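Participant: Mind looking over this structure? Questions follow.
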Amino acid sequence: MRHTLSALLVNQPGVLAKVTTLFSGRGFNIESLSVAETLDPSISRMTIVTRGNSQVIEQVTKQLNKLVDVIKVVDLFDTDYVDREMILIKVTTEASSRAEILRIADIFRGKIVDVTPKSYTIEVTGDEGKIRAIITLLKPLGIKEVVRTGRVAISRGGKGICL
Amino acid sequence: MKKTGGQILLESLRLEGVDTIFGFPGGAVIDIYDALVGIPIRHILVRHEQAAVHAADGYARSSGKVGVCLVTSGPGATNTVTGIATAYMDSIPVVVFTGQVPTELIGNDAFQEADIIGITRPCTKHSYLVKDVKELAKTVKEAFYIAGTGRPGPVLVDLPKDVLADSTDFKYPENIEIKTYHPTYRGHRGQIKKAIKEILKAKQPIIYAGGGVISSDASHELTAFARALSIPVTTTLMGLGCFPGVDELSLGMLGMHGTYRANMAVTNCDTLIAVGARFDDRVTGKIDEFAPHAKTIHIDIDPTSISKNIRVDIPIVGDARDVLKKLNNLIKDEKVDWRGLHGEWLDQIAEWKSTYPLAYKQEDIIKPQYVVEKIYEITKGDVIISTEVGQNQMWTAQYYQFTQPRTFLTSGGLGTMGYGFPAAIGAQIAFPNKTVIDIAGDGSIQMNIQELATVAQYNLPVKIAILNNNFLGMVRQWQELFYKKVYSSTMLQMSPDFIKLAEAYGAVGLRATKPEEVIPTIEKALSIPRAVIMEFVVEQEEDVYPMVPAGAPLSEMLLV
Ligand SMILES: Cc1ncc(C[n+]2csc(CCOP(=O)(O)OP(=O)(O)O)c2C)c(N)n1
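Quick note, the sequences are listed as chains A and B, same order. Residues are numbered in our numbering as their position in the first sequence, beginning at 1, plus a constant of 599. Residues are numbered in our numbering as their position in the second sequence, beginning at 1, plus a constant of 2.
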C-alpha cells in the first residue's frame with residue numbers, strides 16, 4: 600500500500616540526512632519526498648510517499664517520530680486530504696504538432712512557461728492521475744525532459760497538523 | 003568572566019557530575035587537554051579510541067551513569083565507531099566528544115578531517131556539530147539529557163578546534179526543554195488494566211525480560227511481580243542479572259543458546275509478558291513459531307520496539323519500572339492463589355529442567371564450562387563479569403548465575419569481539435573496590451589487548467580469564483555443525499605466550515592446563531591486588547549447547 604506521510608521537522612542542516620539515512624538503513628522505500636520551510640522558518644514540512652504493509656508503515660512512522668529532530672509525523676492514509684504535484688515538461692515542437700500540444704496543455708490547465716522555436720515547456724499541477732495522463736498524451740508528440748516536484752499533501756477541513 | 007570552549011566543556015562536564023573521561027588526545031582537542039590540567043575530573047588515557055568508548059560503556063552499564071569519552075578528529079573519531087555502534091545496539095548512555103577541524107576548513111578534506119557525524123548517523127541516538135562557542139554549554143546539557151533518558155543511547159558531539167579556542171561567558175543551563183523529544187515514561191492505565199485481565203486468565207504465563215529492565219533499574223519491581231504471581235522468568239543475554247538466576251522461578255536465558263526449559267516454556271506458554279526486550283532474531287528463532295499460543299503483552303519505553311518483529315496483543319509504552327510498579331499495585335487487590343493457579347505449569351517446567359539441564363562432562367582436559375562454573379562458585383556473584391564474544395560469552399551466560407543487575411557486561415546486539423576487556427576497565431574505574439573479571443576467548447582478547455598498558459598505568463586490578471581453545475571457537479562450532487567441519491581460517495595458529503605478555507605489561511600471568519589447577523588458579527588470581535591474566539588451556543572442540551540453528555524454531559534445539 601502507498602502512504603503519504605506528512606512531517607514537521609526542525610529546520611536544521613543534517614535533518615534531511617537523518618530521515619534519508621533512516622529510510623535506506625532500514626530498507627524502507629521512498630517514492631517521493633518534498634521538503635521546504637513552513638510559516639515558522641525554524642520548522643520545515645516534509646511530505647514523504649512510501650510503500651509498505653501496515654506493519655511497515657507503522658514502523659516507518661514510529662521510527663521517524665523517534666528522531667530527535669522530528670516534531671510530528673502524520674500518516675494521511677486514513678484521513679481525507681488533498682495532494683498535488685507539479686511537473687515541468689519540455690516537449691519538442693514541430694509546426695504540425697504545436698496546436699495539438701497547446702490544446703492538450705489547455706485541457707490540463709497547463710501553462711506554457713518557456714518557448715523556443717523547437718520547444719515548449721509546460722507547467723502542470725495536479726494529482727498523480729492528472730500528471731500521468733498528460734505525460735501519456737504528450738509522449739507520442741516528443742517529450743524531451745520532465746521534472747516533477749514529488750507529492751505535497753494537506754488534510755481537508757479546518758484542522759491542520761500543528762505542534 | 004569569559005572562558006574558552008575547552009574550559010566551558012570541562013566546566014559543563016563537572017556540573018553534569020562527570021568524574022571520569024576515557025580518552026586519547028590529538029591536535030584537534032589539544033585545547034581541552036590543556037584546560038584539563040588541574041580540573042577535578044579523572045582522565046583515563048586508553049591505548050586505542052575504540053577502547054575509550056567500550057570503557058565508557060562498561061562504566062555506564064555497571065554504574066548506571068552516563069559514560070564519557072574524548073577523542074581527536076579524523077582517525078581518533080573513526081576509531082570510536084565500533085564502540086558507538088556497540089553502545090547503540092545495547093542502548094547504553096555514552097557521550098562521545100570528538101575533535102573536528104576548524105569550522106572554516108570543514109568540507110575541505112582538511113588534515114585529519116572526517117565527517118564523523120555522517121559516519122555515525124545510523125548508530126547514534128543523536129549528534130551535534132557545535133558551530134559556535136555560545137552553543138556549547140547548552141549542547142552538552144542536551145547531549146547528556148538525550149543519552150541518559152528515554153531509551154538510552156550514545157550521543158556524539160563534534161567540536162571544531164576554533165570553537166574550543168574561542169571564548170564567551172559561561173552559564174550552564176539548569177533545565178532544558180527539547181520540544182521534539184518527550185519519551186513516554188508513564189504506562190497507560192487502561193493498557194495496564196487490560197494486561198491484568200489477561201494475566202488473570204493465564205494458566206501458563208512467562209515473563210521474558212530484557213536489558214530494558216536493567217536500564218530502567220526495575221529489577222526490584224520485576225522480581226516482586228514474578229514472585230508475587232509465581233510467574234517464571236526467562237531473560238535475554240542483556241537481561242541477565244535483572245532476576246536472580248538462582249531463584250526457583252528462573253528459567254535462565256532463552257534463545258539460540260538458551261536453556262531447554264526456557265525455550266520450551268516460551269513455545270508452550272499461553273501468555274508472554276515481555277519487559278524491556280525487543281524480540282531479537284537470536285532470541286526468537288523462527289519468528290512464526292515463537293510463542294505461537296501466547297497472548298503477548300509488551301512493556302517497552304521505545305514504541306518502535308513494539309510490533310516490530312512480532313504482533314503484540316497488549317502494548318504498553320512506558321518505563322519498565324513505572325509500569326511494573328503500577329502492575330504490582332493493581333494486582334495486590336486481586337485475591338488469587340497464584341501458586342495454585344500456575345502449579346501445573348511450574349511442575350511442567352521443573353520436569354523440563356530435570357530432563358535436559360545444562361550439562362557438560364569434565365574429563366581429562368579442562369572444560370571451558372567448568373572454568374566458568376568455578377569462577378561463579380568462588381566469587382558467588384559478588385563481582386562484575388564482562389565477556390568477549392563467542393563461546394566464552396555464551397558459556398558465561400549459561401554457567402555464571404547472575405543475581406544482581408549491572409554485574410554482567412557483554413556486547414549483545416552488535417556482538418563486538420574486543421568489548422569485554424575495556425568494558426572491564428570502565429567498570430573497575432566505577433567500582434575500584436570490586437573484583438572485575440573479563441571472561442575471554444583467545445581470539446577476542448587480542449582485539450584490545452593493548453589496554454594492558456592502561457591497566458598497568460592506573461594500577462587497575464582487572465582479571466582476565468582466557469578460555470584458550472586455540473580457535474575462533476564459535477565460528478568453528480558453526481563450521482563443525484553446518485559447514486562439514488571445514489575449519490577455514492578459524493584456527494589461531496599463532497597466539498602470543500599470554501603469560502609472558504602479561505609480564506611484559508607488568509601484570510601477572512597464570513596458566514592452568516589441568517582440571518585440578520583451575521580452582522587454585524582462580525583463587526590465586528583473586529588474591530593478587532594487581533591485573534592478572536589467567537590462561538585456561540581448554541578442550542579445543544567443545545561446543546555450546548543447547549543450540550537452535552539460525553532460523554529454526556526455538557523448540558528445535560540441538561542438545562548435547
Ligand atoms: C569484531 C568481530 N569480528 C568478528 C566477529 C565474528 N565472531 C563471532 S564469535 C567469533 C569467535 C571468537 O573467538 P574467541 O574470541 O577465541 O572466542 P571463543 O568463541 O573461542 O570462545 C568470531 C570471529 C565478531 N563477533 N566480532
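Ideal placement from N, C-alpha and C gives every residue a C-beta, glycine not left out. What you are looking at is a predicted structure, and each value in this text was computed from that prediction instead of being measured.
Do isoleucine 700/A and leucine 663/A have their beta-carbon atoms positioned less than 8 Å apart in this structure?
Facilitator: No.
Participant: Interface residues of chain B around glycine 624/A at Cβ under 9 Å?
Facilitator: Within 9 Å Cβ-Cβ: Arg123, Pro124.
Participant: Compute the minimum distance between the beta carbon of leucine 469/B and the heavy atoms of ligand 1, and state whether it is under 7 Å.
Facilitator: True, at least one ligand heavy atom lies under 7 Å from that Cβ.
Participant: Can you give the Cα-Cα distance for tyrosine 183/B and tyrosine 507/B, rounded to whole angstroms?
Facilitator: So the alpha carbons of these two residues sit roughly 46 Å apart.
Participant: Give the interface partners of valine 609/A over in chain B, defined as CB-CB distance under 8 Å, in chain order.
Facilitator: Thr182, listed in chain order.
Participant: Let me check one thing: in DSSP terms, what residues is glutamate 482/B bridge-paired to?
Facilitator: Paired residues: none, contrary to the question.
Participant: Enumerated in chain order, which unbroken segments of the alpha helix (DSSP H) with a length of 4 residues or greater are wholly contained in the region 644-715 of chain A?
Facilitator: Entirely contained in the region 644-715 of chain A, the alpha helix (DSSP H) runs reaching 4 residues are, in chain order, 653-665, 697-706.
Participant: Does the beta-carbon of methionine 449/B have 16 or more other beta-carbons within 10 angstroms, so that it is buried, or is it exposed?
Facilitator: Buried, by the Cβ-count rule.
Participant: Please identify the residue among Gln542/B, Ile333/B, Thr80/B, Gln406/B whose C-alpha is closest to the C-alpha of lysine 199/B.
Facilitator: With distances taken between Cα atoms, lysine 199/B lies closest to Ile333/B.
Participant: Does chain B have any CB closer than 8 Å to the CB of isoleucine 629/A?
Facilitator: Not one chain B Cβ lies under 8 Å of isoleucine 629/A.
Participant: Once DSSP output is grouped into helix, strand and coil, what is the label at glutamine 371/B?
Facilitator: Correct three-state label for glutamine 371/B: helix.
Participant: Under a CB-based cut-off of 8 Å, is lysine 617/A close to chain B?
Facilitator: It does: the Cβ of lysine 617/A has a partner Cβ on chain B nearer than 8 Å.
Participant: Could you tell me whether the Cβ of glutamate 657/A comes closer than 8 Å to any Cβ of chain B?
Facilitator: Taking Cβ atoms only, chain B reaches closer than 8 Å to glutamate 657/A, which makes this a yes.
Participant: What alpha helix (DSSP H) runs, 4 residues minimum, are completely inside the region 20-71 of chain B?
Facilitator: Whole alpha helix (DSSP H) segments, 4+ residues: 32-38, 51-65.
Participant: Can you give me the Cβ contacts of valine 477/B inside the same chain, cut-off strictly under 7 Å, excluding the 5 residues immediately before and after it?
Facilitator: For valine 477/B, where only same-chain residues beyond five positions count, the Cβ hits under 7 Å are Thr492.
Participant: What number of angstroms, rounded off, separates the C-alpha of methionine 255/B from the C-alpha of threonine 357/B?
Facilitator: Taking the straight line from one Cα to the other gives about 17 Å.
Participant: By a C-beta neighbour count over all protein chains shown, 10 Å radius and 16 as the cutoff for buried, is glycine 60/B buried or exposed?
Facilitator: So glycine 60/B counts as buried.
Participant: Within the 8 Å Cβ cut-off, does glycine 613/A reach chain B?
Facilitator: Taking Cβ atoms only, chain B reaches closer than 8 Å to glycine 613/A, which makes this a yes.
Participant: Between tyrosine 378/B and glutamine 371/B, is the Cβ-Cβ spacing less than 8 Å?
Facilitator: Cβ distance not < 8 Å, so tyrosine 378/B and glutamine 371/B don't count as in contact.
Participant: Less than 8 Å between the CB atoms is what I'm expecting for valine 235/B and isoleucine 216/B, so what's the real figure, rounded?
Facilitator: Not quite, the Cβ-Cβ distance comes to about 13 Å (not below 8 Å), so this is no contact.
Participant: Under the DSSP definition of a beta bridge, which residues are partnered with threonine 74/B?
Facilitator: DSSP, once it has assigned bridges, lists no residue as partnering threonine 74/B.
Participant: Any beta carbon of chain A sitting closer than 8 Å to that of serine 309/B?
Facilitator: So yes, serine 309/B belongs to the interface.
Participant: I'd like to know whether the C-beta of histidine 190/B is nearer than 8 Å to at least one C-beta of chain A.
Facilitator: Not closer than 8 Å to any Cβ of chain A, the Cβ of histidine 190/B fails to qualify, so no.
Participant: Can you list, in chain order, the residues of its chain with a C-beta nearer than 8 Å to that of lysine 5/B? Leave out the 5 residues immediately preceding and following it.
Facilitator: Contacts found: Glu13, Ser169, Thr170, Asp171, Phe172.
Participant: Any beta-carbon of chain B closer than 8 Å to the one on isoleucine 647/A?
Facilitator: No, isoleucine 647/A lies away from the interface with chain B (no Cβ there is under 8 Å from its Cβ).
Participant: Scan the region 732-748 of chain A for residues whose Cβ lies nearer than 8 Å to a Cβ of chain B and list them as they occur along the chain.
Facilitator: Correct list: empty, as no residue qualifies.
Participant: In terms of residues, what are the limits of the alpha helix (DSSP H) holding aspartate 324/B?
Facilitator: Taken as a continuous stretch (DSSP letters only), the alpha helix (DSSP H) holding aspartate 324/B covers 322-333.
Participant: Can you check whether the C-beta of isoleucine 670/A is within less than 8 Å of a C-beta belonging to chain B?
Facilitator: Cβ-Cβ to chain B under 8 Å: yes for isoleucine 670/A.
Participant: Check this for me: beta carbons of valine 520/B and isoleucine 303/B, under 8 Å apart or not?
Facilitator: Cβ atoms of valine 520/B and isoleucine 303/B: not closer than 8 Å.
Participant: Give the interface partners of threonine 720/A over in chain B, defined as CB-CB distance under 8 Å, in chain order.
Facilitator: Here the premise fails: no neighbours, minimum Cβ distance about 34 Å.
Participant: Using beta carbons (cut-off 8 Å, strictly below), is threonine 306/B in contact with chain A?
Facilitator: Yes - at least one Cβ of chain A is within 8 Å of the one on threonine 306/B.
Participant: For ligand 1, any of its heavy atoms closer than 7 Å to the Cβ of serine 643/A?
Facilitator: The answer is no for serine 643/A.
Participant: For the region 214-231 of chain B against the region 239-253 of chain B, do three or more pairs of beta-carbon atoms, one drawn from each stretch, fall closer than 8 Å, so that the two count as touching?
Facilitator: The answer is yes - the region 239-253 of chain B touches the region 214-231 of chain B, with three or more Cβ pairs under 8 Å.
Participant: What residues of chain A sit near isoleucine 148/B, judged by a beta carbon separation below 9 Å?
Facilitator: Within chain A, the residues near isoleucine 148/B are Val667.
Participant: Quick check: does the Cβ of aspartate 444/B come within less than 7 Å of any heavy atom belonging to ligand 1?
Facilitator: Within the cutoff, so yes.
Participant: Does at least one heavy atom of ligand 1 sit under 7 Å from the Cβ of asparagine 394/B?
Facilitator: Asparagine 394/B Cβ: within cutoff of ligand 1.
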